[in-house]
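Asker: Per this note's numbering, the very first residue in the sequence shown carries number 1200; after that it's consecutive.
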Amino acid sequence: GFDASCHGTRMIELDEATLVKTPLDFVCRCSKQGFMEALRAVGEEGVRQRRAADPDMPFRCAHCAKDWRLEPADWDAVLSGFTRAA
């Protein structure tokens, strides 16, 4: 079987009352705005190259697998952030 102690993990016991009082949240909080902000991390040239290569290809959330597509105005907004930051 699995021995958690050899992995630096300790097992905890949860009773039913604790589970009922403590709701678990499995909702992904991804958003188009979040992808637009993350896209800036590749730099202005990277954004321009990605847009030129395939502006309609969606970005997929690694957690919930939702696809996000950027409209031309979204790409412009990401790129304008570089102009303002300069």
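All C-beta atoms, glycine included, are put in the ideal place defined by N, C-alpha and C. Fair warning: this is a prediction, and the values are worked out from it, not measured in the lab.
1) Just how far apart, CA to CA, sit Arg1268 and Phe1225?
2) To the nearest angstrom, report how far apart Asp1255 and Trp1274 are at their CA atoms.
3) Is it buried or exposed for Val1241, if we count other Cβ within 10 angstroms and need 16 for buried?
4) So the candidates are Glu1215, Lys1265, Phe1258 and Ala1252; which of them puts its Cα closest to the Cα of Ala1237?
5) Taking 8 Å as the line, does the beta carbon of Gly1233 fall inside it for any heavy atom of the ligand COA?
Answerer: Well, looking at it:
1) 23 Å
2) 11 Å
3) The C-beta of Val1241 has fewer than 16 other C-beta atoms within 10 Å across all chains shown, which makes the residue exposed.
4) Residue Phe1258 is the option with its Cα nearest to Ala1237.
5) The ligand COA is absent from the structure shown, which contains no ligands of any kind.
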